[in-house]
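Asker:
Residue numbers (the working numbering), protein chains in the order written: chain A, 44 to 355; chain B, 21 to 548.
Take a look at the structure:
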């Protein structure tokens, strides 16, 4: 098991390295001068030159790249070009918000999505199944930023039930502020997870051991939840992993629309401002997230399916 | 060995950690909340702010020696009134300015009384450091001639010194003692003399201020100010409509004002007139824009009135580079007929034919995705098509757009800047050969290469620099304006007001007519 974990961790290194390199190259290819963006279009030349020198923007690209890799290995992301704040501080301040949003929305998505999938699978081709499939279809089709705007207008502006922007103050206020953004992401996740649960469960419920369980007189609840859903967990866990990653990318739009602090909003602002160190650190954080989520899902496979454990 | 139970427990713990993530402050009732369209604050020191949104909190906390009435620019020396200086004198040659400081002005948070040393320090750092040092190269020396007296000596005369230098944010007065104590931390924890003092500078959420109880003037009515940052237009608009914020920065796009008025009819709109200059630069290094007939054809093919109508109520007509309300601006009837460039698509076609393009021409043009740039370029694209000029428009993100302009990659770029009524400042930035934009991004904002690709106005600008009276300054300035209009390296498009939408529960305490794209809240009160 330890060996398996070690191998998985080693697998992640080239992925992160590749992401870092691609981000570095992409940022330097993009038109736009960070000095000009930071100091404004009417900035004087002397100040622009000082800024470029101070931020190392005059160094040859290969030197900037080596410095960047060296600093990244030491988890030193440098200082923001725009406001001189250490990037590490920006990440530390924003990361919990994105993690919180992701966790809450995935939990909400699971809570809604899996029961919906079970409902659809156990009522195949009945009205409940049709409704769940329609819900899934809408969930697949609707963009997150559009749904966010609709929910904001209905629940915040018209009904006044939820706040429009910010992350709140303290535990309860924070919870109050996260409901609507998390619900936006959760509705989309639940559509995906509902569909996935339905398909997996239907596939399992058609197998011989389920027929045997029914023949032995097991109750339908026991058949569905104990034998069916438990065996449908493996494809479902893959779906949950994908869902978490999709939630992370969805958080970018949601943080902007709900004006919540977070890595997504930080990254978008940094891209507009050509704040290279923040972009690099932000993308690296997302890459780490992807690696960690994949790693956790690999562990979950091992737990869920003893056959994988035996092979490893 | 990780069990399912351990996994669930860990997940629950992770959720709990997430739940206790740091969060925003809540605001109380006696608070004015303003939201600008930027990602977050960068600096709170006026000498180092580089984004317009940061000027909103700086202007609440810092003050000038002299300034015009709230809600406007000073267009002539007589428009300025005492502020931190209670009086001033100038020499006949307009090169020596002596300011007598107001006594008893207290800095925030117990940093003591403002004296000449603080003022000298504020000027010296603007001249030697900060983001606009070149604005202050005309200053030869700044000395504390007495405890409450400052003498400023200039290299060249400047009859508009109060507007060109004193009323600029980099020389807003800061506490010398506080800056020496705080060092780099001063940029996010500054000390000024203004009616509000800084409480919290939060890069994620905004700048939070409270009333300066020892303020020398009339104390502020509202006890707290929150300058928030909501970059997304939808979120900002909804925050205003729901009452979560009191004022927001508007969007300068066609139809935006009527649209938001339909949502809430009692909203109030504060607009600076003229607001931002929108200047269309003809890149004289690109074929066929060297040909003045082509430039004239483009000018005649643009229907400015249509632009004004499309961008109502924010747009105002401009007939030359400076707007008519500025000292060297022209009204239409003041201009010679051949320099009015009135909309005439038939004449534009004739001029194109004379220039050797009887079948029209195509120009590649880059524009920004920002609403004001994009909408103007799109309207102009449509108008020019009517005269046989095809614009091959590429829309790019705002940084990339400015980057392409600075690398000489654009042909007909629009530059939008909120410029003060200081004609020499406008000309030095846009028309002087010293500001020529270079391919390696090292130049200034003279995107036309005026004065380099063709003779320019450098000599007239030098003459303007030597004038000692305001009347003479304006006379020479108008000659410069006419010369630019004649050479047509650039073309003034209608100005666009900087617009703030206000909830009627806030009475600003004065009317916004003009001025920079930020104003003070100390006279504001909550009326509902």
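Each residue gets a CB set at the ideal place from its N, CA and C atoms; glycine is no exception.
All values derive from a computational prediction rather than experimental measurement.
Strictly by DSSP, which residues pair up with residue 583 of chain B?
Answerer: Outside the modelled stretch of chain B, which goes from 21 to 548, sits residue 583 of chain B, for which no answer is possible.
Asker: Going by the CB atoms, is the gap between residue 138 of chain B and residue 196 of chain B shorter than 8 Å?
Answerer: yes
Asker: Just the chain A side, please: which residues come within less than 7 Å of residue 5 of chain B by C-beta, in chain order?
Answerer: There is simply no residue 5 of chain B to check, as chain B begins at 21 and stops at 548 in what is shown.
Asker: Could you work out which residues of chain B lie near residue 208 of chain A, taking near to mean beta carbons separated by less than 7 Å?
Answerer: Here the neighbours are 250, 255, 259 and 264.
Asker: When the Cα of residue 104 of chain A is compared with those of A:164, A:268 and A:70, which residue comes out closest?
Answerer: Ranking A:164, A:268 and A:70 by CA distance to the CA of residue 104 of chain A puts A:70 first.
Asker: Taking the continuous beta strand (DSSP E) assigned at residue 231 of chain B, which residues delimit it?
Answerer: 226-231
Asker: Can you tell me the Cα-Cα spacing of residue 173 of chain B and residue 496 of chain B, whole angstroms?
Answerer: Cα-Cα distance, rounded: 23 Å.
Asker: Inspect the beta-carbon positions of residue 238 of chain A and residue 160 of chain A and report whether they are closer than 8 Å.
Answerer: yes
Asker: Between which two residues does the alpha helix (DSSP H) containing residue 251 of chain A stretch?
Answerer: 251-258
Asker: Given residue 249 of chain A, which residues of its chain have a CB within under 6 Å of its CB, disregarding the five upstream and five downstream residues?
Answerer: none
Asker: Thinking C-alpha only, which one of B:97, B:337, B:251 and B:130 is nearest residue 56 of chain B?
Answerer: B:251
Asker: Along chain A, which residues have their Cβ under 7 Å away from the Cβ of residue 426 of chain B?
Answerer: Neighbours of residue 426 of chain B on chain A, chain order: 76 and 79.
Asker: Do you know offhand how far residue 158 of chain B's Cα is from residue 506 of chain B's?
Answerer: The straight-line gap from Cα to Cα measures roughly 29 Å.
Asker: Locate the beta strand (DSSP E) running through residue 289 of chain B, then write down its first and last residues.
Answerer: 288-291 is the span of the beta strand (DSSP E), which, as asked, contains residue 289 of chain B.
Asker: What are the start and end residues of the beta strand (DSSP E) that includes residue 416 of chain B?
Answerer: 409-416
Asker: Specify, as a first and last residue, the run of the beta strand (DSSP E) that residue 302 of chain B falls within.
Answerer: 296-302
Asker: Can you tell me the Cα-Cα spacing of residue 516 of chain B and residue 349 of chain B, whole angstroms?
Answerer: 16 Å
Asker: Quick one: is residue 214 of chain A buried, meaning 16 or more other Cβ sit within 10 Å of its Cβ, or exposed?
Answerer: So residue 214 of chain A ends up on the exposed side.
Asker: Please classify residue 184 of chain A: is it buried, with 16 or more other beta-carbons within 10 angstroms of its beta-carbon, or exposed?
Answerer: exposed
Asker: What are the boundary residues of the beta strand (DSSP E) that includes residue 53 of chain B?
Answerer: 51-56
Asker: I want to verify the contact list: residues of chain B whose CB lies under 8 Å from the CB of residue 299 of chain A, in sequence order.
Answerer: Those within 8 Å of residue 299 of chain A in chain B are 251, 252 and 255.
Asker: So who's on the other strand from residue 102 of chain B, going by DSSP bridges?
Answerer: B:86
Asker: Is any beta-carbon of chain B found at less than 8 Å from that of residue 326 of chain A?
Answerer: no
Asker: Does DSSP put residue 117 of chain B in a helix, a strand or coil?
Answerer: strand
Asker: Hey, quick one: how far does the beta strand (DSSP E) through residue 217 of chain B stretch, first residue to last?
Answerer: Counting along the chain, residue 217 of chain B sits inside the beta strand (DSSP E) bounded by residues 216-222.
Asker: Closest Cβ-Cβ distance between residue 202 of chain A and chain B: below 8 Å?
Answerer: Interface residue (Cβ-Cβ distance to chain B less than 8 Å): residue 202 of chain A is not classified as such.
Asker: Closer than 7 Å between beta carbons: that is the criterion. Which residues of the region 126-160 of chain B meet it against chain A?
Answerer: 151, 152, 153 and 154
Asker: Name the chain B residues that come within less than 9 Å of residue 315 of chain A, Cβ to Cβ?
Answerer: 59, 251, 417, 418 and 419
Asker: Please report how far the alpha carbon of residue 148 of chain A lies from the alpha carbon of residue 453 of chain B, in whole angstroms.
Answerer: 57 Å
Asker: Would you mind listing the beta strand (DSSP E) stretches within the region 106-171 of chain B that are 3+ residues and don't spill past its ends, in chain order?
Answerer: 116-121 and 159-166
Asker: Mapping DSSP to helix, strand and coil, what is residue 45 of chain B?
Answerer: Because the pLDDT at residue 45 of chain B is just 38, under 50, the model does not fix this residue reliably, and the value given afterwards should be weighed accordingly. Reduced to three states, the DSSP call for residue 45 of chain B is coil.
Asker: Starting from the beta carbon of residue 134 of chain A, find every residue of chain B whose beta carbon is closer than 7 Å, and list them in chain order.
Answerer: Those do not exist, as residue 134 of chain A stays about 12 Å from chain B at its closest Cβ, beyond 7 Å.
Asker: Give a yes or no on whether the minimum CB-CB distance between residue 56 of chain A and chain B is below 8 Å.
Answerer: Residue 56 of chain A does not count as touching chain B.
Asker: Does DSSP put residue 542 of chain B in a helix, in a strand, or in coil?
Answerer: Collapsing the DSSP output to three states places residue 542 of chain B in coil.
Asker: Are at least three pairs of beta-carbons, each pair with one atom in the region 83-92 of chain B and one in the region 527-537 of chain B, less than 8 Å apart?
Answerer: Output reads yes: the region 527-537 of chain B touches the region 83-92 of chain B.
Asker: Could you name the residues of the same chain whose beta carbon sits closer than 6 Å to that of residue 395 of chain B, not counting the 5 residues immediately before and after it, in chain order?
Answerer: 273 and 274
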